[in-house]
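Colleague: First the structure, which I've put down as structure tokens, then a few questions once you've had a look.
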Amino acid sequence: MKASVKWTDGRQFVAEAGSGHSVVIDGPPDHGGRNTGPRPMEMLLMGLGACTSFDVLEILEKSRAPVSDCVASVEAERADSVPSVFTRIHVHFTVSGQGLKEKQVKRAVELSADKYCSASIMLAQGGVEMTHSFTIVED
1 MKASVKWTDG RQFVAEAGSG HSVVIDGPPD HGGRNTGPRP MEMLLMGLGA
51 CTSFDVLEIL EKSRAPVSDC VASVEAERAD SVPSVFTRIH VHFTVSGQGL
101 KEKQVKRAVE LSADKYCSAS IMLAQGGVEM THSFTIVED
């Protein structure tokens, strides 16, 4: 896996993944950015949310759960001092569908957190306190 990050101006960068997809990353104006894209640490949280959602959906689909929507809300706390690393991250899934079973959703979230989500497991092994929860919404 590869990526490149090219500085464009101020604190703006264009990041390109090995797959050819690009995203603009920028900083806030008070740090020389123009606010034209997410911050680097926000990108980490978004990547984590997508990684774990990918797993949860795949696990639920394999178990033939009738999922119509899945939203991962990710909240993080950072250290007060530099480096301002993540100290805690909580991922809350809101999974929607008709007749979803709590046991299936719980299992999918746990398997993603403990076995499959590379991002979540990497952060936990790096000392970040990771927690997960879920809500089921009946369609």
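Residue 23 in the UniProt record's numbering sits at position 23 of the sequence shown, and the numbers go up by one each step.
The beta carbon of each residue, even a glycine, is placed where N, CA and C say it ideally should be.
#1: How many whole angstroms separate the CB atoms of L48 and V74, which I take to be in contact at a CB cut-off of 8 Å?
#2: Would you say the segment 10-20 touches the segment 29-39, given that touching needs at least three Cβ pairs under 8 Å?
#3: Work out the CA separation of T52 and residue 140 for me, nearest whole Å.
#4: Closest by CA to E129, which one among G99, Q98, R64 and T87?
#5: Report yes if the CB atom of T94 is closer than 8 Å to the CB atom of V109, and no otherwise.
#6: Give the range of the beta strand (DSSP E) segment to which V130 is assigned.
#7: Could I get the ranges of all uninterrupted alpha helix (DSSP H) runs contained in the segment 24-71, with 4 residues as the minimum, in chain order?
Modeller: With the given structure in hand:
#1: Here the question's residue 48 lines up with position 48 in the sequence shown. Here the question's residue 74 lines up with position 74 in the sequence shown. That pair is a contact at about 6 Å.
#2: Verdict: yes, contact present.
#3: Outside the shown range of the chain (1 to 139) lies residue 140, about which nothing can therefore be said.
#4: If you number the sequence shown from 1, residue 129 lands on position 129. Taking only the C-alpha atoms, the option nearest E129 is T87.
#5: Counting from one through the sequence shown, the residue named residue 94 turns up at place 94. Counting from one through the sequence shown, the residue named residue 109 turns up at place 109. Cβ atoms of T94 and V109: not closer than 8 Å.
#6: As a working note, residue 130 is residue 130 in the sequence shown. Per the sequence shown, the amino acid found at residue 130 is Met instead of Val. E129 to E138 is the span of the beta strand (DSSP E), which, as asked, contains M130.
#7: Counting only runs of 4 or more, we get 40-62.
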